[in-house]
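Peer 1:
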Amino acid sequence: MRQLLAASLRSRGPRGISSGCSRRLSSPAFIGSVRLFSSGQPGAPFQRVLKTLEGVQKAYYDLTALGGERYEALPFSVRVLLESAVRNCDGLRVTEEDVERILDWPKMSKAQKEIPFIPARVLLQDFTGVPAVVDLAAMRDAMERLGGDPRLINPLVSVDLVVDHSVQVDYSRSDAALQKNLEKEMQRNKERFAFLKWGSKAFDNMRIVPPGSGIVHQVNLEFLASVVMSRKRGSFRSTSTTSSSSNDQNNLEVLYPDSVVGTDSHTTMVNGLGVLGWGVGGIEAEAVMLGQHISMVLPEVLGIHLTGQLHPMVTATDLVLTLTEKLRKRGVVGKFVEFFGPGLRHLSLADRATVSNMAPEYGATCGFFPVDEQSLLYLRMTGRPESHVQLVEKYTKMNKLFGGAGSESSGGSAGLAGSCRIAYSDVLELDLGSVQPCVAGPKRPQDRVGVAEVKRDFSLCLQQPVGFKGFGLSEEQTRRSVRFQFRGKEFELKHGSVCIAAITSCTNTSNPGVIFAAGLLAKNAVARGLQVAPYIVTSLSPGSKTVSQYLEKAGLLDALQQLGFYLAGYGCMTCIGNTGEFDPEVTQAIAEGDLVVASVLSGNRNFEGRIHPLTRAAYLASPPLVVAYALAGRIDIDFDTEPLGTDPNGKPVFLRDIWPTRDAIQPVVEQYLGPEMFKNVYSTITEGTPEWKALETSSSPVLYDWREDSTYIHNPPFFQTMERTLPVIRDIRSAYCLLSVGDSITTDHISPAGNIAKDSPAAQYLLSRGVERKDFNTYGSRRGNDEVMVRGTFANIRLVNKMCPKAGPKAVHLPSGEILPVSQVAERYRAEGQPMIVLAGKEYGSGSSRDWAAKGPYLQGVKAVIAESFERIHRSNLVGMGILPLQFLEGQSAETLNLTGRERFSIALNGGALVPGSIIRVSTDCGKSFETKCRIDTDVEVEYFRNGGALHYVLRNMLNKS
Numbered sequence: 003m004r005q006l007l008a009a010s011l012r013s014r015g016p017r018g019i020s021s022g023c024s025r026r027l028s029s030p031a032f033i034g035s036v037r038l039f040s041s042g043q044p045g046a047p048f049q050r051v052l053k054t055l056e057g058v059q060k061a062y063y064d065l066t067a068l069g070g071e072r073y074e075a076l077p078f079s080v081r082v083l084l085e086s087a088v089r090n091c092d093g094l095r096v097t098e099e100d101v102e103r104i105l106d107w108p109k110m111s112k113a114q115k116e117i118p119f120i121p122a123r124v125l126l127q128d129f130t131g132v133p134a135v136v137d138l139a140a141m142r143d144a145m146e147r148l149g150g151d152p153r154l155i156n157p158l159v160s161v162d163l164v165v166d167h168s169v170q171v172d173y174s175r176s177d178a179a180l181q182k183n184l185e186k187e188m189q190r191n192k193e194r195f196a197f198l199k200w201g202s203k204a205f206d207n208m209r210i211v212p213p214g215s216g217i218v219h220q221v222n223l224e225f226l227a228s229v230v231m232s233r234k235r236g237s238f239r240s241t242s243t244t245s246s247s248s249n250d251q252n253n254l255e256v257l258y259p260d261s262v263v264g265t266d267s268h269t270t271m272v273n274g275l276g277v278l279g280w281g282v283g284g285i286e287a288e289a290v291m292l293g294q295h296i297s298m299v300l301p302e303v304l305g306i307h308l309t310g311q312l313h314p315m316v317t318a319t320d321l322v323l324t325l326t327e328k329l330r331k332r333g334v335v336g337k338f339v340e341f342f343g344p345g346l347r348h349l350s351l352a353d354r355a356t357v358s359n360m361a362p363e364y365g366a367t368c369g370f371f372p373v374d375e376q377s378l379l380y381l382r383m384t385g386r387p388e389s390h391v392q393l394v395e396k397y398t399k400m401n402k403l404f405g406g407a408g409s410e411s412s413g414g415s416a417g418l419a420g421s422c423r424i425a426y427s428d429v430l431e432l433d434l435g436s437v438q439p440c441v442a443g444p445k446r447p448q449d450r451v452g453v454a455e456v457k458r459d460f461s462l463c464l465q466q467p468v469g470f471k472g473f474g475l476s477e478e479q480t481r482r483s484v485r486f487q488f489r490g491k492e493f494e495l496k497h498g499s500v501c502i503a504a505i506t507s508c509t510n511t512s513n514p515g516v517i518f519a520a521g522l523l524a525k526n527a528v529a530r531g532l533q534v535a536p537y538i539v540t541s542l543s544p545g546s547k548t549v550s551q552y553l554e555k556a557g558l559l560d561a562l563q564q565l566g567f568y569l570a571g572y573g574c575m576t577c578i579g580n581t582g583e584f585d586p587e588v589t590q591a592i593a594e595g596d597l598v599v600a601s602v603l604s605g606n607r608n609f610e611g612r613i614h615p616l617t618r619a620a621y622l623a624s625p626p627l628v629v630a631y632a633l634a635g636r637i638d639i640d641f642d643t644e645p646l647g648t649d650p651n652g653k654p655v656f657l658r659d660i661w662p663t664r665d666a667i668q669p670v671v672e673q674y675l676g677p678e679m680f681k682n683v684y685s686t687i688t689e690g691t692p693e694w695k696a697l698e699t700s701s702s703p704v705l706y707d708w709r710e711d712s713t714y715i716h717n718p719p720f721f722q723t724m725e726r727t728l729p730v731i732r733d734i735r736s737a738y739c740l741l742s743v744g745d746s747i748t749t750d751h752i753s754p755a756g757n758i759a760k761d762s763p764a765a766q767y768l769l770s771r772g773v774e775r776k777d778f779n780t781y782g783s784r785r786g787n788d789e790v791m792v793r794g795t796f797a798n799i800r801l802v803n804k805m806c807p808k809a810g811p812k813a814v815h816l817p818s819g820e821i822l823p824v825s826q827v828a829e830r831y832r833a834e835g836q837p838m839i840v841l842a843g844k845e846y847g848s849g850s851s852r853d854w855a856a857k858g859p860y861l862q863g864v865k866a867v868i869a870e871s872f873e874r875i876h877r878s879n880l881v882g883m884g885i886l887p888l889q890f891l892e893g894q895s896a897e898t899l900n901l902t903g904r905e906r907f908s909i910a911l912n913g914g915a916l917v918p919g920s921i922i923r924v925s926t927d928c929g930k931s932f933e934t935k936c937r938i939d940t941d942v943e944v945e946y947f948r949n950g951g952a953l954h955y956v957l958r959n960m961l962n963k964s
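In terms of this note's numbering, the numbers along the sequence shown are unbroken and rise by one, the last being 964.
(1) So, is Q448 buried or exposed, given that buried needs 16 or more other C-beta atoms within 10 angstroms?
(2) Around the C-beta of T317, are 16 or more other C-beta atoms found within 10 angstroms, so that it is buried, or is it exposed?
(3) Using a Cβ-Cβ cutoff of less than 8 Å, which residues in the same chain neighbour L888 once the five nearest sequence positions on both sides are dropped?
(4) According to the Cβ coordinates, are M805 and L741 closer than 8 Å?
(5) For the region 764-827, which segments carrying the alpha helix (DSSP H) assignment without a break, of at least 4 residues, lie completely within its bounds, in sequence order?
(6) For V2, name the three-state secondary structure that DSSP assigns.
(7) Which residue or residues does DSSP assign as beta-bridge partners of F890?
(8) Residues in its own chain within less than 7 Å of A419 by CB, not counting five upstream and five downstream?
(9) Taking P439 as the reference, give the member of A809, L325, G131 with the closest Cα.
(10) Closest to Y781 by CA distance: which of G756, S770, R775, R800 is it?
(11) What residues are listed by DSSP as bridge partners for D162?
(12) Measure the beta-carbon distance from D143 to V218 and round it to whole angstroms, keeping in mind my assumption that it falls under 8 Å.
(13) Taking DSSP as the reference, what is the three-state secondary structure of R923?
(14) Is it buried or exposed, P763, if we count other Cβ atoms within 10 angstroms and call 16 or more buried?
(15) Tell me which residues share the same chain as Y258 and place their Cβ nearer than 8 Å to its Cβ, disregarding the 5 neighbours each side in the sequence.
(16) In this structure, does DSSP put A416 in helix, strand or coil?
(17) Three or more beta-carbon pairs under 8 Å between the region 273-283 and the region 348-358, yes or no?
(18) Does DSSP put P259 in a helix, in a strand, or in coil?
(19) Check whether the region 276-290 touches the region 305-316, taking contact to mean three or more Cβ pairs, one atom from each stretch, closer than 8 Å.
(20) Under a three-way DSSP split, which group does S753 fall into?
(21) Would you kindly report the start and end of the unbroken alpha helix (DSSP H) that includes Q590?
(22) What residues in its chain sit with their C-beta under 8 Å from that of S895, if we drop five residues either side in the sequence?
(23) Taking C-alpha atoms, which residue in L312, V629, G810, G365 lies nearest to V743?
(24) Indicate whether V437 and V456 have their beta-carbon atoms separated by less than 8 Å.
(25) Please confirm if the region 646-663 is in contact with the region 537-552, defined as three or more CB-CB distances below 8 Å between the two stretches.
(26) Once you ignore the five residues that flank V948 on each side, which residues in its own chain have a CB closer than 7 Å to its CB?
(27) Which whole-angstrom value is the C-beta distance of G336 and T367, which I expect to be below 8 Å?
(28) Taking only three categories from DSSP, how would you classify D665?
(29) Between the alpha carbons of M141 and F721, how many angstroms are there, rounded?
(30) Quick test of the definition: if touching needs 3 or more C-beta pairs under 8 Å, does the region 545-562 touch the region 487-499?
(31) With distances taken from CA atoms, which of E587, A632, N580 is nearest P615?
(32) Less than 8 Å between the beta carbons of R709 and V132, yes or no?
(33) How should K857 be labelled, buried or exposed, when 16 other C-beta atoms within 10 angstroms of its C-beta is the threshold for buried?
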């Protein structure tokens with residue numbers, strides 16, 4: 003059979019691209035798998051374009067020889083997709099037809115054609131990494147139970163896991179905060195960390211960066227990413243058991259572009275360096291680790307033409323918040339965004355990384371900056387070997403992957419035949435000089451507010467109806483204030499008082515320009531005698547140890563500390579809601595006045611309740627603005643007309659008096675930043691603290707020794723009843739609606755990462771297992787235990803279920819009419835054998851790439867989600883867990899169809915033989931029916947669904963192979 007397939011796949015069409023014989027094989031012949039076997043050595047069909055890079059003695063696939071003008075019309079990001087397809091083309095898993103589709107990108111992207119992509123690396127953080135390693139360990143158990151070799155469950159690509167999500171701001175505003183927070187982190191997470199350490203030993207190609215080292219995306223940018231990689235040709239993944247390639251060919255070192263997918267949505271940050279990457283769900287990442295390609299729709303690419311330069315008072319943070327507002331309004335979900343034009347020369351690499359970091363917030367799959375001189379400069383500055391930098395330059399220029407300010411666009415595909423310019427799907431113009439200082443808030447990153455307008459805007463938000471820009475207060479309520487005693491002094495809290503000010507997140511701490519700006523502002527403020535109120539939780543949690551080193555070297559760390567911005571840790575911390583607790587006096591004052599107090603942070607997300615349950619308003623801002631708002635003590639200040647405070651002589655001090663311009667910042671950057679600092683920090687990055695080194699791990703080298711009494715690590719039920727044969731896909735009949743929710747329901751609404759509420763079902767479970775309240779830790783830290791997580795699904799206190807009279811994590815058990823916690827209602831339906839669905843509005847599943855936002859509903863018994871639209875990663879996660887995503891047709895919604903959620907819903911699934919993008923009819927018990935679009939988007943996703951999930955699909959394929 004395989005010989006016949008190989009022969010048929012060798013037949014060529016008229017342009018050297020395979021004919022229809024190389025199309026995907028139908029699933030029945032392969033027990034529900036697509037592209038299961040490979041017909042030969044990856045890259046063999048394009049042997050003719052394999053060339054040697056002069057002076058390097060390494061080979062590369064010369065993409066310029068493939069398509070001439072067609073190749074040069076491709077956006078740089080699409081050229082990386084093309085190279086991956088060419089290099090991995092084996093006649094089946096990746097076909098010559100796939101290569102032709104990518105070369106014909108202008109037409110194929112509009113036709114929504116599917117292509118495979120095989121990334122070079124996988125990136126994990128510990129909140130998503132622990133459940134990923136749990137799944138791999140559980141798959142080994144299943145493999146052995148079903149008669150296969152458990153050692154086949156092993157990553158086939160490089161996997162890096164950076165522990166950065168567990169550290170919390172338990173201590174702040176002191177010299178001891180850094181060490182105390184690290185000690186607390188180790189105490190809370192000893193079992194989790196020991197499990198990860200076991201995983202690094204039990205699985206091949208898995209490297210762990212221990213806690214206290216930095217934030218995953220900043221470590222990736224400064225250290226892990228190589229821009230250009232090399233590997234022996236024979237080591238490229240192929241599921242073929244034989245190969246006709248000679249040993250000489252297999253030993254040939256092949257150069258190729260670095261690329262990465264990660265289980266954190268802000269994996270996109272590395273696109274600022276010219277490395278194509280984006281966030282995927284944990285389920286999809288695990289499949290990639292195990293040799294599965296990513297099946298994706300060939301994306302449209304929006305080109306953003308940058309002109310001019312930023313004003314000296316404007317930061318990269320202002321730029322990315324401006325782009326987030328513009329692109330959210332334009333709509334770029336599922337698209338690539340690529341930057342070009344003369345304005346590029348005025349953006350440092352760090353500025354670009356800030357812009358790329360927030361691609362999830364503006365909705366794009368990625369925000370790509372091609373490799374150029376700034377990329378090379380950054381590689382040198384961060385201590386990469388000079389020989390490698392020269393290799394990057396040579397390879398990218400030879401393969402026309404080197405961009406720059408001179409890159410042009412034809413502004414669309416019209417007239418393409420006579421032009422070699424890039425033919426973006428569309429072009430957006432942006433004059434960098436038009437960007438103004440701004441923040442984003444109070445509840446969403448796309449809600450940009452000019453700094454000059456914040457006071458007026460916040461005042462309006464207080465009285466607007468409850469929503470993204472409203473808190474629903476009456477005029478009388480807006481005048482509330484509470485006086486309280488704190489450390490022997492009296493203070494007053496009002497609506498808009500700042501209670502958290504955090505210089506945090508890889509988004510901004512990776513950018514020396516804005517960090518030095520914050521330090522210089524602090525120095526100027528201290529010199530004028532200004533101070534920050536002591537009840538404000540101030541913290542500095544950079545994404546790399548280089549940050550504290552260059553601040554200290556420049557004499558600016560002391561100034562920040564004098565304002566309360568002491569080092570709290572090297573991790574995500576406040577950005578992801580690991581904020582710790584307020585002092586009791588502050589908590590009491592907020593509750594007494596029911597005050598809308600604010601967090602100000604240099605992070606990337608500010609959904610309500612994310613940063614801290616008591617700060618209902620949260621604003622994203624540049625690090626120097628974080629310091630400024632901390633000094634002011636309130637968000638509702640007009641910096642132009644109101645002073646931050648007064649100096650010892652009683653003279654008012656305005657923000658303009660102490661704000662450092664770019665002209666003042668740049669000499670400091672050049673003086674105190676250098677490659678030796680980066681080399682020293684990263685030379686020991688994987689060693690860890692003495693506490694990490696002392697962690698004892700399971701002695702079993704293959705199968706994990708699960709502990710039944712563990713509340714952190716538990717063998718999940720996903721594979722325990724799985725069989726070799728495909729499950730029967732039954733129609734969804736008379737399903738109850740578990741929840742009916744509105745727009746922008748985030749993965750944090752579905753599966754919270756923060757504190758476990760004391761009266762929640764998850765808390766009750768932990769108490770029943772002997773866990774004291776002080777040891778609850780967070781939902782994020784418990785993701786290795788399905789018993790906790792299923793009880794924590796839809797447990798966010800800010801969740802609004804339209805079927806319930808009040809906001810909160812509740813649902814209605816329709817047969818009895820009882821209103822209970824969501825997980826308890828789901829448990830009752832499950833016990834009664836009743837399927838469930840969820841109704842939702844626009845942007846369902848936005849936010850973090852949280853696989854438990856799909857795993858949790860799956861374990862609760864949810865069979866389908868019907869929404870107006872889905873965020874990209876979450877839709878993929880739903881399919882990966884065997885949950886059917888259905889989208890209301892254009893102009894329709896639960897409201898327009900008068901669906902209350904009290905109906906019973908039936909959906910015909912045709913035994914799982916679904917067609918991507920097809921129309922599926924949903925009927926109800928009240929006689930009403932409506933059509934929806936099937937958001938299973940690719941053929942491979944159909945196979946995932948038929949198998950009961952992506953990992954079931956991979957496991958069956960491995961069982962068949964073994």
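Idealized CB from N, CA, C, for every residue including glycine.
Source: prediction; values computed, not measured.
Peer 2: In terms of the structure at hand:
(1) So Q448 counts as buried.
(2) Counting Cβ neighbours within 10 Å, T317 comes out buried, since at least 16 surround it.
(3) Setting aside the 5 residues that flank it on each side, L888 is surrounded in the same chain by A866, V867, I868, A869, I909, I922, V924, T934, K935, C936, R937, each with a C-beta closer than 8 Å to its C-beta; the list follows chain order.
(4) For the 8 Å CB-CB criterion, M805 and L741 form a contact.
(5) Runs of the alpha helix (DSSP H) inside the region 764-827: 788-793.
(6) Because the chain here runs from 3 to 964, residue 2 falls outside it and cannot be looked at.
(7) Within the DSSP secondary-structure output, F890 pairs in a beta bridge with T934.
(8) Annotation note: pLDDT 30 at A419 (below 50); position unreliable, no value reported.
(9) It is L325 whose Cα lies nearest to the Cα of P439.
(10) The residue with the shortest Cα to Cα distance from Y781 is G756.
(11) BP columns for D162 point to L125, R209.
(12) Not quite, the Cβ-Cβ distance comes to about 28 Å (not below 8 Å), so this is no contact.
(13) R923: strand per DSSP, three-state reduction.
(14) Classification of P763: buried, given that the 10 Å Cβ count is 16 or more.
(15) Within the same chain, Y258 has close Cβ partners Y62, Y63, E85, S86, R89, A122, V230, M231, S232, R233.
(16) In this predicted model, A416 has a pLDDT of only 33, less than 50, meaning its place in the structure is not dependable; the value taken from the coordinates is given anyway. In this structure, A416 counts as coil in the three-state DSSP scheme.
(17) The region 273-283, when compared against the region 348-358, does touch it at the 8 Å Cβ threshold.
(18) If DSSP states are grouped into helix, strand and coil, P259 belongs with the strands.
(19) In the pairwise beta carbon analysis, the region 276-290 is classified as not touching the region 305-316: fewer than three pairs are separated by under 8 Å.
(20) Note: S753 maps to coil in three-state DSSP.
(21) For Q590, the enclosing alpha helix (DSSP H) has its first and last residue at 586-595.
(22) Counting only residues of its own chain and dropping the five nearest sequence neighbours on each side, S895 has a CB closer than 8 Å to the CB of G843, E870.
(23) Cα-wise, what sits closest to V743 is G810.
(24) Cβ distance not < 8 Å, so V437 and V456 don't count as in contact.
(25) Flag = no, the region 646-663 and the region 537-552 do not touch.
(26) At residue 948 the sequence reads Arg, which differs from the Val that was named. For R948, the CB contacts under 7 Å within the same chain, skipping 5 residues up- and downstream, are G34, L728, I731, G914 in chain order.
(27) About 6 Å; that satisfies the 8 Å criterion.
(28) The answer is helix: DSSP assigns D665 an H, G or I state.
(29) Rounded to whole angstroms, M141 to F721 spans 7 Å at the Cα level.
(30) The region 545-562 is not in contact with the region 487-499.
(31) The residue among E587, A632, N580 with its C-alpha nearest the C-alpha of P615 is N580.
(32) With contacts defined by Cβ atoms closer than 8 Å, R709 and V132 do not form a contacting pair.
(33) K857 sits buried, since 16 or more C-beta atoms from the chains shown fall within 10 Å of its C-beta.
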